[in-house]
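There are 2 protein chains.
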Amino acid sequence: MAFSPLIDQLVDALRCLPGVGPKSAQRMAFHLLERNREGGEHLSQALAQAMQHVGRCKSCRTLTEEPVCSICSDNKRDHALMCIVETPADVLAFEQSGSYRGLYFVLMGHLSPIDGIGPAEIGVSDLLDKVKEGEVKEVILATNPTVEGEATAYYITEQVKSLGVKVSRIAHGVPLGGELEYVDVGTLAHAISGRQAVD
Amino acid sequence: MAFSPLIDQLVDALRCLPGVGPKSAQRMAFHLLERNREGGEHLSQALAQAMQHVGRCKSCRTLTEEPVCSICSDNKRDHALMCIVETPADVLAFEQSGSYRGLYFVLMGHLSPIDGIGPAEIGVSDLLDKVKEGEVKEVILATNPTVEGEATAYYITEQVKSLGVKVSRIAHGVPLGGELEYVDVGTLAHAISGRQAVD
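Those protein sequences? They're chains B and E, same order as listed.
The numbering of the first sequence is my numbering, which starts it at 2 and goes up by one.
The numbering of the second sequence is my numbering, which starts it at 2 and goes up by one.
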């Protein structure tokens, strides 16, 4: 590096952001220093506050600075439905669709024995404890349609079913607006096998 | 937005970075919160320090936290050569090439009347003051080969020549490793008109 120590340090620190390599980090540092110092100071404060105060919701494990997140503490939502997702971003995606009014449970990942991520790391026992409380009538599995996501869904299905609670999986098939000829074969196979009768 | 206030604030603040839209900002925020809190805290501190302490070199206008940057204060460099560049990143590019041992003068932009950037904003009077001191024997123009960069080079050439100091422009032509058939017509025209005799 060849700038002054503080600039070098900033360029280096920016590389902790995902998808930011040396050139982008340099561009970001110069952009802030040359044109947006206020934005840089604001980002510094927002980072410090979030890193210090954001923890996990006691109930659904999502990221929040409150002990219990706004969704879990909302009495107008349907506490009999629990949708299992991998990340807080998935929660946001469902919330933006406006199609779901139940609760969530955020695994913060998926089973991945090779990375040392087992049932304990994704909070399966917390999940089963919540189901055992008896309020949840249906568990909806919305893990990603990847190998790890499917394996995670399978594992949780076995565990929850043994408690006698209904388990469902979100539908997989051709996305709306998708053209059939560009849809991958796995999705098409799912779309055929999951076909529904038209009344 | 639908996360907790501190997370929303962080996602918003990350959007001040160039090239970061709402989805990337969200991904960055979750990455730091879920997997790299230490990196986030370090970035927060690096930002705060850089935004507060980094200013301009009194001599060449580049970004530095010292009153005079390390290049300008290096007595081993050739103070008779002054290379005019648009940004501190251009300085780094030349330094990495290892091909230049003179000083720089950083315009921090280029002439752009439509954006209200005139000679005063790019520090032309400071530049001329430095040239008048008499130590500089040659001014090398290394502004970008864009319309604005060329106009800026032309303007500075006129001003510096009137002081009786030699002015040169870096060579433009086919880049090393470039294949002729993929080089744009403007570059090829430059390469032909700037051809040099082979002894």
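All C-beta atoms in this analysis are idealised placements derived from N, C-alpha and C, irrespective of residue type, glycine included.
Not a single CB atom of chain B sits nearer than 9 angstroms to the CB of Thr158 of chain E. The Cβ atoms of Asp116 of chain B and Arg62 of chain B lie no closer than 9 angstroms to each other.
Relative to Lys162 of chain B, the option among B:Ser100, B:Val132 and B:Gly56 whose CA is nearest is B:Val132. Here Cys58 of chain B has Thr65, Val69, Cys70 and Cys73 as same chain residues with Cβ atoms under 7 angstroms from its own Cβ, once five neighbours each way along the sequence are excluded. Taking the C-beta atoms as reference points, Ile157 of chain E is found nearer than 9 angstroms to Val140 of chain E. Taking 9 angstroms as the cut-off, the beta carbon of Leu142 of chain B is found no closer than this to the beta carbon of Ala152 of chain B.
With 16 or more other Cβ atoms inside 10 Å of its own Cβ, Gly41 of chain E counts as buried. Under DSSP, Cys70 of chain E takes part in no beta bridge, so it has no partner. The residues Glu66, in chain order, have a CB closer than 7 angstroms to that of His54 of chain E in the same chain once the five nearest residues on each side in sequence are set aside. Neighbours of Asn37 of chain B across chain E, judged by C-beta separation under 7 angstroms: Cys17. Proximity of the stretch 163–175 of chain E to the stretch 184–197 of chain E meets the contact definition, three or more beta-carbon pairs being nearer than 8 angstroms. Taken in chain order, the complete beta strand (DSSP E) segments of 3 residues or longer contained in the stretch 94–133 of chain E are 103–107. Of all residues in the stretch 50–62 of chain B, only Gln50, Ala51, Met52, His54 and Val55 place a beta-carbon less than 7 angstroms from a beta-carbon of chain E. Lys167 of chain E is bridged by DSSP to E:Glu139. For the stretch 66–77 of chain B, the beta-carbon criterion of a distance under 9 angstroms to any beta-carbon of chain E is satisfied by Glu66, Glu67, Cys70, Ser71 and Ile72. Contact holds between the stretch 77–90 of chain E and the stretch 98–110 of chain E, because three or more Cβ pairs, one in each stretch, are under 8 angstroms apart.
Cβ-Cβ distances below 8 angstroms link Gly195 of chain B to Ala172, His173 and Gly174 in the same chain, with the five nearest sequence neighbours on each side left out; the list follows chain order.
Residue E:Ser60 holds the alpha-carbon nearest to the alpha-carbon of Asp130 of chain E among E:Leu34, E:Gly22 and E:Ser60. For Lys167 of chain E and Leu7 of chain B, the gap between their C-alpha atoms comes out near 36 angstroms. In the structure shown, Gly56 of chain E adopts extended strand secondary structure according to DSSP, grouped into three states. Taking a Cβ-Cβ threshold of 9 angstroms, none of the residues of chain E is close to Phe106 of chain B; the smallest such distance is about 16 angstroms. Here Met29 of chain E is not bridged, per DSSP, to any residue.
For His80 of chain E, the enclosing beta strand (DSSP E) stretches over residues Asp79 to Val86. The Cβ atoms of Arg102 of chain E and Gly20 of chain B do not sit closer than 9 angstroms to each other. Residues of chain B whose Cβ lies closer than 8 angstroms to the Cβ of Leu48 of chain E are, in chain order, Leu11, Ala14, Leu33, Gly41, Glu42, Leu44, Ser45 and Leu48. In the structure shown, Leu64 of chain B falls within a strand segment according to DSSP collapsed to helix, strand and coil. For Gln197 of chain B, there is no enclosing alpha helix (DSSP H), as DSSP marks it with neither H nor E. With a cutoff of 9 angstroms on beta-carbon distance, Leu44 of chain B and Leu33 of chain B are scored as near each other. Proximity to Glu136 of chain E across E:Leu18, E:Gly56, E:Gly165 and E:Glu149 peaks at E:Gly165, based on C-alpha coordinates. Any Cβ of chain E closer than 9 angstroms to the Cβ of Gln27 of chain B would place that residue at the interface, and such an atom is present. Residue state for Ser45 of chain B is assigned as helix, using DSSP reduced to three classes. Spatial neighbours of Val184 of chain E in its own chain (CB-CB distance under 6 angstroms, excluding positions within 5 residues in sequence) are listed in chain order as Val175. Proximity of Ser5 of chain E to chain B, defined by a Cβ-Cβ separation below 9 angstroms, is satisfied.
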